[in-house]
Amino acid sequence: MKPLRLALCTLLLLQLFAQAQTPALRAGASAVDITPKVFPLNMPGGFSANLAQSAHDPLHARALVLDDGTTTLALVVVDNLGAGPDVLDEAKALAAKATGMSPDRMLISSTHSHSAAPLNTRSEPAAAYRKLFVEGVAESIIKAHAALRPAAVGAAAHPLPDEVFNRRWYLKPGKMPLNPFGRLDTVKMNPGTSPDVLDRPAGPTDPDITIISVQDAKRKPLALFANYSLHYVGGMVGGQISADYFGEFARVIPSRLRGDENFVGMMSNGTSGDINNIPFGVARPPRAPFEQIRIVAQKAADTAWFAHQKIGAHRNDARLGMRQREITLRYRRPGAQDVAEARTVLALKDPAAIERLPRLAQNYARSVVAAAERPEETITVKIQAIRIGDLAVCGIPFETFVETGLDLKKRSPFPQTMVIGLANGRHGYLPTPEHHQLGGYETWLGTNTVQEDTSVILTTQLLEMLAELRN
Ligand SMILES: [Zn+2]
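Here's what the structure looks like:
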């Protein structure tokens, strides 16, 4: 071989080698305003109507798109009580059409803000909002995808134990009120704060704030995706739309990481089905409207900063992977006795007799009859598992109990695992079988609708998916 040709061959080989070594990771992030423009709108999440006439602070769809040259995936957080698979699938289809991404590589989770807007078509403002929401969520993915650039990622967790409380309690003897079915549960949700009533909490909390940090090629902060197992905070101005502490976190976090105006911070909901921000048994001083939201958001941002400090060097060679499975679950059916009792409760006409019923008796009687008459035997739900380097992310479309999140984190084959609730849908509460035995609000038929071992089935499936991604 002539020397020149040899030199050229060597050069070509070196180039090929360099290409194989070139870090392929790219990332893009965006935040799209999805605040409603037409009012009034009902803010869903309670047992009675809660009308909003304006917005206190904006709602957003925030997207992070990652691409390693082989896999392109999106992590999206939307300010909503819990978007269903119907609306989310519409948004995913729009985003897929514009970006060429696959809808099963998109994880869209709701924050579970109880002061966000509805997603139905029961009024003209609501129908207008549903359209705005679908287009806004799609746009967030499209914009993040268009912003893809060379990037590096890191993940870590740091605890913030002071703002999470298990809300299910054993009570002192004789203090348990009748449940809506006229029976006694073993534990009660939100039992108040009186030491005369409270015995002990019926479960743990998950204190960790887990983060994914994304930097561009020049180590400039690009995005931060956080996760905390806290239901929501509340205590805002009445009659106004608000993104709760999730929105406030996104506003505060750029200052912690010195992110510029293009930086996108987002806080997702973890496994908070039995966790809230009420310090049971301890007196908290009164707060002005929105003050507690600000306090929790600032502490969460500080904690995310401490987690960020643990990351060290971000990696531009992190491998991505994603799995989605569709799991078919049986709907719970009430027994004949339960249905008969429910029909009796609903047949009552005498106001005095209705007054004597346990709290919410007629609401849950309607749920029992609806569950008995439901034509479908099963429901199929989507679960997802994602790998981002050494971090695993699980997506569960329920208000998942903290026990399930802690269990997945403990048994995951990855050093760091994040579990996102209300991901890709909202199919009610997901208590563990042990909690079904204890009863309480989250286990009542209507609040929970699927077979009682669902958390076990989903955990087994997710661990299988994580094992596949680890290989
Ligand atoms: Zn909830």
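In this note's numbering, the protein residues as written are 1083 to 1553. Beta carbons: idealized from backbone N, C-alpha and C, even for Gly. Remember, predicted model here, so these are calculated numbers, not experimental data.
Which same chain residues end up closer than 8 Å to residue i when comparing Cβ atoms and leaving out the 5 residues on each side of it in sequence?
i, result
"D1489", "T1541"
"E1043", "The shown model of the chain, from 1083 to 1553, leaves out residue 1043, and the question about it has no answer."
"H1509", "I1461, V1463, P1479, F1480, T1531, V1532"
"N1309", "I1291, T1292, I1293, M1349, S1350, N1351, G1352, M1500, V1501, I1502"
"T1536", "L1411, F1480, L1512"
"Q1024", "Since the first residue of the chain shown is 1083 and the last is 1553, residue 1024 is not available in this structure."
"P1381", "Sequence inspection shows Lys at residue 1381; the Pro mentioned does not correspond to that position. So the qualifying residues of the chain are L1242, D1244, E1245."
Is residue j closer than 8 Å to residue i when the C-beta atoms are compared?
i, j, result
"D1290", "P1241", "yes"
"R1250", "P1283", "yes"
"R1338", "A1383", "yes"
"L1157", "L1146", "yes"
"R1405", "Q1466", "yes"
"V1346", "A1386", "no"
"P1232", "A1175", "no"
"E1524", "N1359", "no"
"R1144", "A1443", "no"
"A1173", "V1219", "yes"
"G1236", "I1468", "no"
"G1403", "H1227", "no"
"Y1211", "P1118", "yes"
"A1198", "D1149", "no"
"T1275", "G1182", "no"
Tell me which residues share the same chain as residue i and place their Cβ nearer than 6 Å to its Cβ, disregarding the 5 neighbours each side in the sequence.
i, result
"D1267", "N1261, G1521, G1522"
"D1420", "V1450"
"A1131", "N1124"
"M1271", "R1249, R1250, G1522, Y1523"
"G1341", "P1303"
So residue i packs on residue j, CB below 8 Å; how close in whole Å?
i, j, result
"A1239", "A1389", "6 Å"
"D1356", "F1263", "So it is not a contact: roughly 20 Å between Cβ atoms."
"I1223", "A1177", "4 Å"
"R1187", "L1141", "Their Cβ separation, rounded to whole angstroms, is 25 Å, which puts R1187 and L1141 out of contact at 8 Å."
"V1120", "P1243", "Incorrect: roughly 41 Å between the Cβ atoms, too far for contact."
"D1281", "T1353", "Actually they do not touch by this definition, with Cβ atoms about 24 Å apart."
"S1311", "G1477", "The pair is not a contact, with the Cβ atoms about 14 Å apart (cut-off 8 Å)."
"Q1322", "A1137", "6 Å"
"A1435", "G1528", "Between G1528 and A1435 the Cβ distance is about 22 Å, and since that is not below 8 Å, they are no contact."
"A1395", "V1334", "In fact, because the Cβ distance is near 25 Å, the residues do not count as touching under 8 Å."
"G1507", "P1167", "4 Å"
"P1515", "E1534", "5 Å"
For residue i, collect the residues of the same chain with a Cβ closer than 7 Å to its Cβ; drop the 5 residues on either side in sequence, then sort them by chain order.
i, result
"I1375", "V1315, G1317, M1318, D1326, Y1327, E1330"
"D1139", "S1324, A1325, G1329"
"F1215", "I1116, V1169, L1201"
"S1184", "A1178"
"A1447", "A1424, V1427, L1428"
"H1030", "With the chain covering 1083 to 1553 only, the question about residue 1030 has no answer from this structure."
"E1550", "R1405"
"Q1101", "Note that Q1101 scores 49 on pLDDT, short of 50, meaning its location in the model is unreliable; the coordinates nonetheless yield the value given after this. Nothing meets the Cβ criterion."
"E1221", "V1114"
"Q1543", "R1407, I1409, I1465"
"P1368", "none"
"L1548", "A1467, A1474, S1494, P1495, F1496"
"M1258", "L1266, D1267, K1270"
Quick check: what's the CA-CA separation for residue i versus residue j?
i, j, result
"F1129", "P1495", "41 Å"
"A1365", "P1126", "28 Å"
"A1229", "E1437", "59 Å"
"I1059", "P1277", "What the structure shows of the chain is the stretch from 1083 to 1553, and residue 1059 is not part of that stretch, so it cannot be assessed."
"W1526", "L1512", "11 Å"
"R1407", "K1225", "27 Å"
"L1107", "L1189", "19 Å"
"I1294", "M1349", "11 Å"
"L1445", "V1296", "In the sequence as displayed, the identity of residue 1445 is Asn instead of Leu. If you take the alpha carbons of N1445 and V1296, they lie about 46 Å apart."
"A1209", "D1432", "38 Å"
"P1416", "K1302", "56 Å"
"N1553", "G1151", "18 Å"
"K1491", "V1475", "10 Å"
"G1471", "E1373", "37 Å"
"P1273", "V1279", "8 Å"
"Q1498", "E1546", "16 Å"
"Q1391", "N1344", "21 Å"
"T1203", "P1457", "23 Å"
"V1159", "H1196", "15 Å"
"S1191", "H1517", "24 Å"
"L1430", "Q1135", "36 Å"
"T1153", "F1307", "19 Å"
"A1418", "P1440", "21 Å"
I want to see whether chain B comes within less than 8 Å of residue i, judged by CB atoms only; does it?
i, result
"T1426", "Absent from the structure is chain B; it holds one protein chain and no more."
Verify the contact flag: residue i, CB atom, against every heavy atom of ligand 3, threshold strictly below 7 Å.
i, result
"E1459", "As far as ligands go, the structure on display features ligand 1 and does not contain ligand 3."
| message | Which residues neighbour ligand 1 when neighbourhood means a C-beta less than 6 Å away from any of its non-hydrogen atoms? List them by chain order. | response | H1194, H1313, E1481
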